[in-house]
Amino acid sequence: MAYKPLSQLIDGIDLLSRHGNADPVIKQVAYDSRKVTRGTLFVAIPGEHVDGHTFIGEAVKRGAAAVLYSDPAVDVSKAPVALQVAESRPALSHIAAAYYGNPSHRLQVVGVTGTDGKSSTVYFIHQLLEAVGAASGFVSTVAMNTSGKTGKNDLRQSTPEAPEIQAALAEMLASGKSYAVLEATSHGLSERTSRLANVRFQMGVFTNLSHEHLEFHGSMEQYRSDKGNLFRALSETPGGTAILNADDEASRYFSQISPVPCAYYSTAGAPEAELRVEKSRSDMRGSSFSLIDRKSKSTHLVRLPLVGAFNIDNALAAVLCVSRLLDMPVPELIPYLEKLEPVTGRMTSIPTDGSFHLIVDYAHTPGSFATVLPMIKQYTKGRLIVVFGSAGERDRAKRPVQGELAARYADIVILTDEDPRGEDSDVIIAEIAAGCRIARPNWKEGSEILRIVNRRAAIETAVELAEKNDTVLLLGKGHEASIIYATGPKPWNEIEIAEKLSQSRAALV
C-alpha cells in the first residue's frame, strides 16, 4: 500500500489549530502509542479507561511524524506537526478511511445490527455468499475472514476501531473480495466512537432489540437511535436496502428513519413479511419449517442443521439479505440454508458420557436468556442446571433480570464470574441472586442457588451435579478467549474446559 502525505489524509477535516507546517509522508495511522514508529500519525483519542492524550509525549519519542488531538490543555510543542480538532474520534475515522483508500467505496458492504444474533447472521450471510460464488469477507465478535481464511477475532471488540475496520476492508479488496459483512454494534455505530462513520454500507440488517449496554448509551431510546445510524447511513449508497425483523417493534422505528426501501422477514406470520415461517419444529438436532416466499409465491420445506429456534430468525435474515444483495431468487438459496454451519460458542454441544447434555452458549443479555432458556428447558427431560454471571462495569440493571429469567426456567442456578473487571464479584453475584428470588422466593442458598466465584469450579460443580437426562447450560462466555479481571484478562476457553471436565467425569463412571 502506498504511503500518503498528511495533507491528503486531513483534507476535509476542520482544524482548530496547527503547529508545524511540514507535510510529512504518513507510513502508519495509530491511536496506541505503543505501536508508533517513525512516520506514524498518532491520533489521541479518549478511551473508556485511558486517555490517549496522556501518551502524546511517548508517541513523539517513538518517532511520530504528526499528532492529532482534541484536548487544548495538552503540551504538543515537541511534536513535529500537531493538529487540533474539536473531536478526535470522527477525525480518526476519516483519516483511517483515507489512508486505506476508502475501500468500502469499492466493496458492497452489509452491516448487521441488533442485540442478539449478530455474529451468527454475519456468518450465515458470508456462508451463503461464498456458496453461490460471491467472494466475501467478514468481521464479527467471534471471527473474521479478510483474505480467504477464517480465524478468531482476538480484538475482543465486536466492531474494532476505525483503523482496524478500514484495514480489514482494504485486505478484503486486495484479496479479490466483492462483498464485506460487518457486525455493526451500537458502540461502533455511535457518534461517540465513530468507528463505522466512514464505512459506506450497501445494506443494513436488523435482528432484534432488547435491554443491553445502557451503561454506555444511557437509555433504550439512545441505544435504539445509535443502532439506527446504520440505516440512516444507507442513503449514501444507490440501491441500498434495509432488512428488518417484522416481529420486533423496533423495526417500525428503523423503517421510519431509513431513507431506502425496507424488506421484512418474520417467524410469527407478519403479513408485511417477504419471507415468513410456518410450522416450525426445533430440537437438539436442529429445526425444520415451512418457508413462504411471497415474491415467488412458493412454499418450501427447510431443514436447518442448527440448534435453537432463534437460528431460524438469523437464517431468514441472512437469506433475505443475500437474495436482495445478489438479486437472486430465494428458492435458489434454500439448498445452501440446509448446509449452514454454526458459530463457535453458540449452542455448542460438548460430548459427555451420554447420561446428560452439556452445552456452551454466548447468551449474556436478557433477550438471549429469554430465548435460550425456555427452549433448552423444553428439550430437557431431567433438570436444567445453568451456570452464568454478568459483566462487571457494564449494564447493572440487567443483572436481576438475568437472574429472574434463569430461575424461572432452571432447577439449579450456579452464579459465577463472567468478566468482573474492577467490580467485586460477590456484589455482581448478589445482584443476580436478588433477581433469582423474584422468580423463586422459596429457593435456598446452597441448594437451588449456588455462588461459586471461580468459573472453572462452578462448571465442575455443575458437571458433578448432573444426573441422568439433565442438561448443564454454560452461558455468557461462548467463544471468548479470556476472562477480564481488575488486573487484566486471563486466558479462558470455555469449550475446552467443559470438554476436559466432562471427560474427567466419564473416566470416573
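Take -12 as the starting number for the sequence shown in the numbering used here and just add one per residue.
No residue lacks a Cβ here, since even glycine has one placed at the ideal position from N, Cα and C.
Treat the numbers as computed from the prediction; the structure is a model and nothing was measured.
**Request:** Could you name each continuous alpha helix (DSSP H) segment of 4 residues or more that falls completely within the segment 206 to 252, going from the start of the chain to the end?
**Result:** If only uninterrupted alpha helix (DSSP H) runs of at least 4 residues are considered, those enclosed by the segment 206 to 252 are 207 to 219 and 237 to 244.
**Message:** Beta-carbon within less than 6 angstroms of Phe521's beta-carbon, same chain only, minus the 5 sequence neighbours each way: which residues are those?
**Reply:** Since the first residue shown for the chain is -12 and the last is 496, residue 521 is missing from the structure and cannot be characterised.
**Request:** Could you check what DSSP says for Pro(-8) in three-state terms: helix, strand or coil?
**Result:** Here the question's residue -8 lines up with position 5 in the sequence shown. Three-state DSSP puts Pro(-8) in a strand.
**Request:** Would you check if the distance between the CB atom of Leu307 and the CB atom of Asn298 is smaller than 8 angstroms?
**Result:** Counted from its first residue, the sequence shown places residue 307 at position 320. Counted from its first residue, the sequence shown places residue 298 at position 311. No. Outside cutoff.
**Request:** Report buried or exposed for His81, applying the criterion of at least 16 other Cβ atoms within 10 angstroms of its Cβ.
**Result:** In the sequence shown, the residue the question calls residue 81 occupies position 94. By the Cβ-count criterion, His81 is buried, with 16 or more other Cβ atoms from all chains shown falling within 10 Å of its own Cβ.
**Request:** Determine the closest residue to Leu402 out of Asp413, Ile482 and Gly409, with distance taken between C-alpha atoms.
**Result:** Indexing the sequence shown from 1 puts residue 402 at position 415. Closest by alpha carbon: Asp413.
**Asked** Is it buried or exposed for Glu539, if we count other Cβ within 10 angstroms and need 16 for buried?
**Response** Here the chain has residues from -12 to 496 only, and residue 539 is not among them.
**Message:** I believe Ala184 touches Pro33 by the beta-carbon criterion, under 8 angstroms. Please report the beta-carbon distance rounded to the nearest angstrom.
**Reply:** The sequence position of residue 184 within the sequence shown is 197, counting from 1. The sequence position of residue 33 within the sequence shown is 46, counting from 1. In fact, because the Cβ distance is near 16 angstroms, the residues do not count as touching under 8 angstroms.
**Asked** Among all the DSSP beta bridges, which residues are the ones paired with Glu178?
**Response** On the sequence shown, residue 178 is found 191 positions in, with the first residue counted as 1. DSSP links Glu178 through a beta bridge to no other residue.
**Message:** Quick check: the Cα distance between Ala420 and Glu178, rounded to an integer number of angstroms?
**Reply:** In the sequence shown, residue 420 corresponds to position 433, counting from 1. In the sequence shown, residue 178 corresponds to position 191, counting from 1. Each residue's Cα considered, the two are about 35 angstroms apart.
**Prompt:** Does DSSP classify Lys48 as helix, strand or coil?
**Reply:** Locating residue 48 in the sequence shown gives position 61, where the first residue counts as 1. DSSP places Lys48 in helix when its eight states are reduced to three.
**Message:** At the 8 angstroms Cβ level, is Val61 part of the contact set with chain D, yes or no?
**Reply:** The chain labelled as chain D is not found in the depicted structure, where only one protein chain is given.
**Message:** Using 8 angstroms as the cut-off, can you tell me whether the segment 121 to 138 makes contact with the segment 93 to 112, which would need three or more C-beta pairs spanning the two stretches below that distance?
**Reply:** Yes, since at least three Cβ pairs between the segment 121 to 138 and the segment 93 to 112 fall closer than 8 angstroms, the two stretches touch.
**Request:** State buried or exposed for Ala384, treating a residue as buried only when at least 16 other CB atoms are found within 10 Å of its CB.
**Result:** Here residue 384 corresponds to residue number 397 of the sequence shown, with the count starting at 1. Using a 10 angstroms sphere on the CB of Ala384, the tally of other CB atoms stays under 16, which defines it as exposed.
**Prompt:** Going along the chain, which residues of its own chain have a beta-carbon closer than 7 angstroms to the beta-carbon of Cys249, five neighbours each way excluded?
**Reply:** On the sequence shown, residue 249 is found 262 positions in, with the first residue counted as 1. These residues qualify, in order along the chain: Ala229, Leu231 and Ser242.
**Message:** Tell me the rounded alpha-carbon separation between Asp340 and Asp234.
**Reply:** Position 353 of the sequence shown, counted from the start, is the residue given in the question as residue 340. Position 247 of the sequence shown, counted from the start, is the residue given in the question as residue 234. Spanning the two alpha carbons is a distance of roughly 40 angstroms.
**Item:** Classification of Val119 by the beta-carbon crowding that lies within 10 angstroms, buried from 16 upward
**Value:** Walking along the sequence shown from the start, residue 119 turns up at place 132. Val119 comes out exposed.
**Asked** Per DSSP, Glu265 is paired with what?
**Response** Here residue 265 refers to the residue found at position 278 when the sequence shown is read from its first residue. Checking the DSSP bridge columns, you'll see Glu265 partnered with Ser277.
**Item:** Completely contained beta strand (DSSP E) runs for the segment -7 to 36, where each covers 3 or more residues
**Value:** Segments of the beta strand (DSSP E) lying fully in the segment -7 to 36: 4 to 6, 15 to 17 and 27 to 30.
**Request:** List the DSSP bridge partners of Ala69.
**Result:** As a first step, residue 69 is located in the sequence shown; it is residue number 82 there, counting from the start. Under DSSP, Ala69 forms a beta bridge with His6 and Val54.
**Request:** Go ahead and label Gln490 buried or exposed: buried means 16 or more other beta carbons lie within 10 angstroms of its beta carbon, across all protein chains shown.
**Result:** Reading the sequence shown from its first residue, position 503 is the one you call residue 490. Residue burial is scored here from C-beta neighbours: Gln490 has fewer than 16 other C-beta atoms within 10 angstroms and is therefore classed as exposed.
**Request:** Go ahead and label Leu460 buried or exposed: buried means 16 or more other beta carbons lie within 10 angstroms of its beta carbon, across all protein chains shown.
**Result:** Residue mapping note: residue 460 aligns to position 473 of the sequence shown, counting from 1. It is buried - the Cβ of Leu460 has at least 16 other Cβ atoms within 10 Å.
**Asked** For Ala85, which residues from the same chain have a beta carbon less than 6 angstroms from its beta carbon, with the 5 sequence-adjacent residues on both sides left out?
**Response** For this step, residue 85 is matched to residue 98 along the sequence shown. Closer than 6 angstroms at Cβ, skipping near neighbours: Leu(-4).
**Prompt:** Just the Cα atoms here: how many angstroms apart are His6 and Leu160?
**Reply:** For the purposes of this step, residue 6 is taken as residue 19 along the sequence shown, with counting starting at 1. For the purposes of this step, residue 160 is taken as residue 173 along the sequence shown, with counting starting at 1. Between the alpha carbons of His6 and Leu160 lies a gap of roughly 36 angstroms.
**Asked** Closest to Ser123 by CA distance: which of Asp103, Gly101, Val97 and Thr102 is it?
**Response** The residue you call residue 123 lines up with position 136 of the sequence shown. Distances from the CA of Ser123 to each of Asp103, Gly101, Val97 and Thr102 were compared; the closest alpha carbon is that of Val97.
**Request:** Use the C-beta contact count for Ile244: other C-beta atoms within 10 angstroms, 16 or more gives buried, fewer gives exposed.
**Result:** Here residue 244 refers to the residue found at position 257 of the sequence shown. Classification of Ile244: exposed, given that the 10 Å Cβ count is below 16.
**Request:** Check whether the Cβ atoms of Ala53 and Leu79 lie closer than 8 angstroms to each other.
**Result:** Taking the sequence shown and counting its residues from 1, one reaches residue 53 at position 66. Taking the sequence shown and counting its residues from 1, one reaches residue 79 at position 92. No. Outside cutoff.
**Asked** Ile13 and Ala31 look like a contact to me (Cβ under 8 angstroms); what is the Cβ gap, rounded to whole Å?
**Response** The residue given as residue 13 occupies position 26 in the sequence shown. The residue given as residue 31 occupies position 44 in the sequence shown. With a contact defined as Cβ atoms closer than 8 angstroms, Ile13 and Ala31 miss out at about 16 angstroms.
**Item:** For Ala473, the three-state DSSP class (helix, strand or coil)
**Value:** Translated into the one-based positions of the sequence shown, residue 473 becomes position 486. Collapsing the DSSP output to three states places Ala473 in coil.
**Request:** Could you work out which residue in Arg272, Asp411 and Lys136 is closest to Val440 when comparing CA atoms only?
**Result:** Against the sequence shown, residue 440 aligns to sequence position 453. That would be Asp411, whose Cα lies nearest to the Cα of Val440.
**Asked** Using CA coordinates, which residue listed in Ala155, Ala51 and Leu176 is at the minimum distance from Thr100?
**Response** Taking the sequence shown and counting its residues from 1, the one referred to as residue 100 is at position 113. Nearest of Ala155, Ala51 and Leu176 to Thr100, Cα basis: Leu176.
**Message:** Which of the three DSSP states is assigned to Arg381 in this structure?
**Reply:** Translated into the one-based positions of the sequence shown, residue 381 becomes position 394. Correct three-state label for Arg381: coil.
**Request:** Would you give the residue range spanned by the alpha helix (DSSP H) that Leu196 belongs to?
**Result:** By 1-based counting over the sequence shown, the position of residue 196 is 209. Premise fails: Leu196 is in no alpha helix (DSSP H) and is neither H nor E.
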